[in-house]
Structures are given as C-alpha cells and as structure tokens.
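Residue numbers (this note's numbering): 24 to 433.
Accompanying notes for the structure given below.
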C-alpha cells in the first residue's frame with residue numbers, strides 16, 4: 024500500500040531561519056570557486072551555436088561528448104567504464120531510486136552501510152524495499168559479519184539483493200574503507216550473490232590529492248557505481264551517471280526513461296564543453312584546498328571550544344564535507360538542534376542517518392559551504408548551545424529524581 028511508504032525524517036525548521044544563522048547543516052559545495060565568467064561565455068556559445076539540440080529532448084544514453092569527462096573522472100580513482108555501461112541521471116538521488124525500482128522487487132531487502140545518507144534510505148523505501156544495517160567493525164564494513172547477516176536474513180525468508188555503501192569520505196562519518204577491506208568486501212559480495220551499489224560523490228575530494236581505488240574498478244561486473252557532478256562542479260545542473268554492467272545498464276535506462284523521459288541535453292553539453300577546455304584539474308584542486316582549510320578550521324575550533332576530555336568525540340576526516348560528533352553520555356542531539364538554532368547555528372542530528380532513528384547521540388557538521396571567517400564563530404555558538412542543552416538535561420533529570428523518591432533510592 025502507498026500508505027506503507029515511510030516518509031523521510033523531517034528536519035527541524037532550521038533552513039527557514041534567515042538573518043544571522045550559521046548553517047553547518049546542508050551538504051552544499053562552495054560555488055564561489057566556479058569560473059562563472061568563463062562558464063557564462065561557454066553557456067552563451069552553446070545556446071547560440073547548438074541551442075536547438077541542447078534544448079531539445081535527448082535519449083536515455085549519456086551524450087557521446089560527455090563520455091570522455093566521465094571516464095576521465097572515474098579513471099582518477101581506478102574506475103573503468105565505457106558508453107555502453109553508462110546511464111545518465113539527474114544526480115545520484117535519481118540513480119538510487121532507479122536502482123530500487125529497476126533492479127529489485129518490492130519486499131526485497133537492501134543491506135545499507137549505517138549510518139547512511141538519508142536520501143538512500145528514502146529512495147529504497149519509496150521503491151518498496153526493506154532495509155537492514157550492514158555489519159561493521161572498527162575498520163568499517165565487515166565481510167565476515169556480512170556472510171553471517173546474509174545467511175540469517177535468507178534463512179528467515181528474506182530476499183537480499185544489494186549492498187549499498189558510500190566507502191570514500193562517507194556521508195555522514197567522513198570515514199574511508201581501506202583498500203584491503205575493499206577487496207575483501209568485493210570478494211564476499213560476489214560469493215554471496217550480492218550486487219554492490221557504490222555511491223561516490225566525494226571520492227575526488229581528498230585533502231592531500233590522493234585517491235582510493237573504487238569498488239567498481241575492483242569488480243566492475245558486480246558493482247553498480249553512482250557518480251555525480253554535483254560535488255565537483257555544481258548541483259544545479261542536476262547531472263550524474265550510473266556505471267553498470269551492460270545488461271544492468273540497459274535495464275536501468277528503461278527505468279530512468281519512465282522516470283524522467285530523458286536527461287538534460289543542455290547540462291550534458293555544458294559539462295562536456297567544460298571538460299574539453301581542460302577545466303577539471305584546477306577546479307578539483309581548488310575544491311580540495313578550500314575544504315581542507317575549512318575542515319581544519321572547524322576541527323581546531325571544536326578542540327578549543329569543546330576540549331578533548333569532555334563527552335564529545337570526533338575524528339578529523341581526510342576528505343569530503345563532514346565532521347561526525349558522538350556524545351559519550353548518549354545525549355539526544357535532536358533536542359540539542361533546537362537549542363543550537365536559538366543561538367543561530369544549525370546542524371543535522373544523528374538520528375536522521377540511522378535506518379530506524381538510531382545514532383541519536385551523534386550529529387553531523389558540514390564545513391564545505393561556510394565562509395572561513397564564520398566557522399570559529401559558528402563553533403563557539405554550537406559549543407555554547409551544547410553546554411546549555413546538556414546542563415538543562417541534567418537539571419531535568421535531577422528534578423525527575425526529586426519527584427520520584429523510589430527512583431532516587433534505587
């Protein structure tokens with residue numbers, strides 16, 4: 024029944040607050056680095072010379088002129104693909120829904136790396152799929168635990184088809200799966216008959232310029248890869264791709280054609296023109312440096328404001344957009360979000376990344392789109408809000424004990 028579809032968790036009304044709000048919430052790229060003057064000239068030329076094609080309907084195939092851009096970007100992380108393997112999307116979110124609709128049947132189970140990007144859970148649930156957390160250990164996704172989990176679910180009668188993961192600079196944790204563990208995971212998934220769905224928006228944004236081999240490059244016949252131009256160019260063009268084995272790609276083209284008829288010919292042509300002019304290296308390098316600096320500013324400010332001996336724990340990521348904080352006392356960060364908003368700063372509570380509301384003692388901070396001068400100020404506001412909310416929680420707990428002598432005695 025359509026009423027069984029679980030809606031996406033509703034964020035606090037933080038994005039509606041104007042004025043002086045410092046937002047560490049939305050995972051937005053910093054578009055100040057885009058060469059807008061050059062792009063405006065390219066777009067004008069594209070419209071003037073090829074407008075009748077670029078503004079027309081297109082086919083459910085990646086435009087021939089854009090294929091070199093995709094193969095170039097994927098090759099930087101050890102991926103390998105060709106035109107026959109590519110399916111155009113309006114970004115990874117469309118790709119996730121297409122996978123759920125085109126490669127599985129309602130009621131089947133997807134294993135998800137958790138905490139997980141909320142849009143993935145919403146897409147799979149919209150397609151009628153069940154979600155189950157993939158087992159992890161201190162090194163990330165656990166191949167041995169994966170065997171045990173799949174065996175148990177299948178013994179219970181569940182059809183387990185896919186494993187969804189975001190193994191490089193993961194959203195929300197910022198963690199990256201080691202090369203050794205990637206090979207183990209690829210081998211185990213193939214052994215179990217699990218198709219791996221690899222979501223990779225941040226892989227090229229390592230702060231030191233190095234990359235980690237993508238799972239798609241390790242086992243291209245058993246990995247469906249989701250790529251996007253949103254984080255290395257601009258999300259407003261709504262352009263991404265799926266790289267998959269040819270039979271899977273053909274099936275997904277039929278699904279995306281039903282979903283959107285055709286991709287944006289203009290967006291593909293614009294990105295192809297940018298690639299032809301050799302724009303990627305300087306832009307990606309600029310993004311890496313910008314995000315490295317902002318991540319360092321945020322981590323340093325957190326250490327100064329929250330200290331390293333208190334209840335909050337975090338690790339500095341080596342790339343991507345996010346810092347992931349955990350409260351050792353199990354505090355409800357959803358309640359803290361409202362206190363933070365009152366002080367003019369926002370973040371995403373951890374429960375939004377749990378498949379069933381878990382991770383409530385954690386929170387995600389995004390540093391990518393915050394002006395560098397405002398990061399220390401925002402962290403100071405955040406720390407004050409967290410300390411105030413913690414004090415209020417302790418006061419309320421004490422009042423509950425005073426009101427219930429039996430609990431106090433226990």
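By construction, the Cβ of each residue, glycine as well, lies at the ideal position given by its N, Cα and C atoms.
In the DSSP secondary-structure assignment, residue 368 is bridged to 45.
Secondary structure at residue 111: strand, using DSSP grouped into helix, strand and coil. Residues 207, 208 and 211 of the same chain have their beta carbon placed closer than 6 angstroms to that of residue 166, with the five preceding and five following residues left out of the count. In summary, residue 136 is buried, with 16 or more beta-carbon neighbours lying within 10 Å of its beta-carbon over all protein chains present.
Just measuring C-alpha positions, the residue of 347, 85, 142 and 261 sitting nearest residue 273 is 85.
Taking a 10 Å sphere around the C-beta of residue 222, we find 16 or more other C-beta atoms and assign the residue as buried. Sequence-distant partners of residue 241 (beyond 5 residues in either direction) whose C-beta falls short of 7 angstroms from its own C-beta, in its chain, are 205, 206 and 209. The beta carbon of residue 411 lies closer than 7 angstroms to those of 362 in the same chain, with the five residues before and after it left out.
Residue 303 carries a helical assignment under DSSP once its states are collapsed to helix, strand and coil.
Distance from the CA of residue 116 to the CA of residue 262, rounded to the nearest whole angstrom, comes to 10 angstroms. A contact between stretches requires three or more CB pairs, one per stretch, nearer than 8 angstroms, and the segment 347 to 360 meets this requirement with the segment 381 to 397. When the beta-carbon positions are compared, residue 101 and residue 236 come within less than 8 angstroms of each other. For residue 46 against residue 253, the beta-carbon gap comes to about 18 angstroms, at or over 8 angstroms, which does not count as contact. Inter-segment contact for the segment 116 to 135 and the segment 167 to 181 is present: three or more beta-carbon pairs are separated by less than 8 angstroms. Distance from the CA atom of residue 103 to the CA atom of residue 268, rounded to whole angstroms, is 11 angstroms. In this structure, the beta-carbon distance from residue 126 to residue 271 falls below 8 angstroms. Contact check for residue 356 and residue 372: beta-carbon distance about 4 angstroms, within the 8 angstroms limit, so the pair qualifies.
Comparing alpha-carbon positions, the option among 309, 292, 318 and 122 lying closest to residue 92 turns out to be 292. The C-beta distance from residue 112 to residue 265 rounds to 6 angstroms, short enough to meet the 8 angstroms contact threshold. The beta-carbon distance between residue 192 and residue 228, rounded to whole angstroms, is 6 angstroms. This is short enough to meet the 8 angstroms contact definition. If you draw a straight line from the Cα of residue 226 to the Cα of residue 234, it comes to about 7 angstroms. Contact between the segment 57 to 69 and the segment 296 to 310 is present: 3 or more CB-CB pairs across the two stretches fall below 8 angstroms. Shown here, residue 318 sits in a helix according to DSSP, grouped into three states. Boundaries of the beta strand (DSSP E) around residue 251: 246 to 251. Bounds of any alpha helix (DSSP H) do not take in residue 386; it lies within the beta strand (DSSP E) bounded by 385 to 389. With respect to residue 144, residue 386 sits apart: the two C-beta atoms are not nearer than 8 angstroms. Under the three-state reduction of DSSP output, residue 51 falls in the coil class, being neither helix nor strand.
Classified as buried, residue 196 has 16 or more neighbouring CB atoms from the shown chains inside 10 Å of its CB.
Looking at the DSSP output, residue 163 shares a beta bridge with 160. For residue 132, the uninterrupted beta strand (DSSP E) segment begins and ends at 132 to 135. Excluding residues up to 5 positions away in sequence, 50, 389 and 391 lie with their Cβ nearer than 6 angstroms to the Cβ of residue 344 in the same chain.
In this structure residue 218 does not touch residue 177 by the C-beta definition: roughly 15 angstroms separates them, more than the 8 angstroms allowed. Residue pairing from DSSP places residue 345 in a beta bridge opposite 389. Under the DSSP assignment, residue 222 falls outside any alpha helix (DSSP H), being part of the beta strand (DSSP E) whose first and last residues are 218 to 222.
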